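For reference, the structure discussed in these notes is given below.
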Amino acid sequence: MRVKGRGGGRGGRGGGDRGGRGGGRGGGRGGGVFKRGGDRGGRGGGRGGGRGRGGDRGGRGRGGSRPGGRGGANVVLEPHRHAGIFIAKGKEHLLVTKNLVPGESVYGEKRISVDGGVEGTKIEYRVWNPFRSKLAAGVLGGLDEVYIAPGMKVLYLGAASGTSVSHVADIVGPEGVVYAVEFSPRSGRDLIGMAKKRTNVIPILEDARLPNKYRMLVSTVDVIFADVAQPDQGRIISINAHMFLRNGGHAVISLKASCIDSTVAPSVVFAKEVDGLRHEHFKPLEQVTLEPYERDHAMVTALYDRRQF
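Numbering (the working numbering), first residue to last: 300 to 608.
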């Protein structure tokens with residue numbers, strides 16, 4: 300398995316192959332254009348199980364990005380090496396996704412409109428803030444593959460209010476689908492509201508520990524993205540994979556060390572979780588730190604192959 304960054308330490312600001320603040324790996328200029336305070340949201344939304352501060356699990360915060368940005372001649376859009384993701388190059392380099400619902404923002408994010416190539420047409424993109432999305436942090440952290448692309452079927456565990464889910468919906472596009480599982484009623488209300496306009500999102504208000512309760516709603520998926528931050532998250536991912544993930548599919552997993560075991564070093568926690576995946580028909584492929592966007596977090600990708608055992 301390929302490991303990038305320190306795998307559990309603070310990781311620093313480095314450039315190198317991490318692609319964090321220093322650019323690297325086609326990820327734009329990293330997080331230098333994002334502020335940890337305003338865009339990031341408030342103190343954790345009602346998950347109940349140890350989310351604490353941060354990520355897309357939080358509230359709306361104060362002073363978030365202004366929604367109606369304009370691009371024009373000063374902004375150049377380039378495809379990222381991950382399909383469905385783009386880089387907006389202007390005064391700053393921003394990670395963006397093509398807005399599935401032009402004119403609508405989800406969480407106050409900035410929107411950028413550029414010339415669509417035909418006179419009078421515009422294409423709108425949404426800025427994807429890595430301080431609000433673990434997946435965006437992983438992309439800027441230098442993940443070689445995210446396995447989420449146009450047309451894919453994605454099972455998203457720990458959907459919260461739908462901040463990251465909305466960008467995944469942009470990426471998979473109208474031909475793809477995102478099954479978004481969230482247990483918190485408060486976050487679930489926001490998730491349902493978002494899904495009313497993004498019709499490729501199917502919100503599921505159930506406990507991800509009990510996939511039997513939503514087995515009639517979810518078809519076989521290409522990838523599972525998990526951001527559940529629970530001590531038993533390895534088991535949660537495995538039981539969902541055995542039920543819904545196709546053979547040869549992938550898992551993309553956000554690991555928060557303190558939510559799994561706060562008594563040992565993050566690197567030890569990550570190593571244990573990766574080892575546990577091997578016993579559940581997964582072949583770990585890559586691990587990157589989510590620093591500087593999230594402290595003591597890592598993202599792991601793995602191949603699901605029943606034939607290994």
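Even for Gly, the Cβ is constructed at its ideal location relative to N, Cα and C.
Please read all numbers here as calculations on a predicted model, not as lab measurements.
Range covered by the alpha helix (DSSP H) that runs through residue i
i, result
"residue 574", "565 to 577"
"residue 537", "532 to 543"
Three-state secondary structure (DSSP) of residue i
i, result
"residue 488", "helix"
"residue 587", "strand"
"residue 395", "strand"
"residue 493", "helix"
"residue 382", "coil"
"residue 557", "helix"
"residue 478", "strand"
"residue 512", "helix"
"residue 562", "coil"
"residue 603", "strand"
Member of the options whose CA lies at the smallest distance from the CA of residue i
i, options, result
"residue 552", "442, 398, 393 and 374", "442"
"residue 478", "465, 485 and 569", "465"
"residue 605", "406, 577 and 569", "577"
"residue 489", "501, 428, 461 and 475", "461"
"residue 476", "455, 483, 482 and 484", "455"
"residue 463", "452, 380, 530 and 406", "406"
"residue 480", "491, 470 and 474", "491"
"residue 395", "503, 374, 590 and 427", "427"
"residue 558", "530, 571 and 486", "530"
"residue 528", "560, 584, 586 and 450", "560"
"residue 415", "376, 440, 447 and 404", "376"
"residue 422", "447, 434 and 399", "399"
"residue 391", "586, 374, 522 and 446", "374"
"residue 508", "474, 538 and 584", "538"
"residue 378", "402, 470, 404 and 433", "470"
"residue 433", "536, 526, 569 and 535", "526"
Straight-line Cα distance separating residue j from residue i
i, j, result
"residue 602", "residue 411", "35 Å"
"residue 362", "residue 562", "Per-residue confidence for residue 362 stands at a pLDDT of 40, beneath the threshold of 50, marking its modelled position as unreliable; the derived number appears in the next sentence. When rounded, the distance between both Cα atoms is 35 Å."
"residue 582", "residue 420", "45 Å"
"residue 350", "residue 579", "Any reading at residue 350 must be qualified, since the residue scores a pLDDT of 41, below 50, and its modelled position is unreliable; no value is offered."
"residue 567", "residue 555", "12 Å"
"residue 597", "residue 588", "4 Å"
"residue 444", "residue 381", "7 Å"
"residue 594", "residue 431", "13 Å"
"residue 511", "residue 543", "10 Å"
"residue 590", "residue 564", "15 Å"
"residue 573", "residue 599", "8 Å"
"residue 549", "residue 518", "15 Å"
"residue 352", "residue 545", "Low local confidence applies: a pLDDT of 40 at residue 352 is under 50, so the model's placement there is unreliable, with the coordinate-based value given in what follows. Approximately 34 Å between the Cα atoms of the pair."
"residue 355", "residue 468", "Confidence at residue 355 is low in this model, with a pLDDT of 45, below 50, so its placement is unreliable and the value that follows should be read with caution. Cα to Cα, residue 355 sits roughly 15 Å from residue 468."
"residue 483", "residue 499", "21 Å"
"residue 452", "residue 524", "11 Å"
"residue 533", "residue 418", "51 Å"
"residue 486", "residue 506", "13 Å"
"residue 592", "residue 586", "15 Å"
"residue 436", "residue 547", "25 Å"
"residue 439", "residue 571", "25 Å"
"residue 393", "residue 502", "28 Å"
"residue 387", "residue 450", "23 Å"
"residue 494", "residue 458", "12 Å"
"residue 584", "residue 446", "12 Å"
"residue 516", "residue 408", "30 Å"
"residue 535", "residue 385", "31 Å"
"residue 425", "residue 474", "19 Å"
Run of the beta strand (DSSP E) containing residue i, from where it starts to where it stops
i, result
"residue 502", "500 to 503"
"residue 595", "From DSSP, residue 595 is part of no beta strand (DSSP E); its letter is neither H nor E."
"residue 525", "520 to 525"
Self-check item: 3 or more residues per run - each beta strand (DSSP E) lying fully within the stretch 402 to 476
Solution: Counting only unbroken stretches of 3 or more residues, the beta strand (DSSP E) elements lying wholly within the stretch 402 to 476 are 410 to 414, 421 to 426 and 452 to 456, in sequence order.
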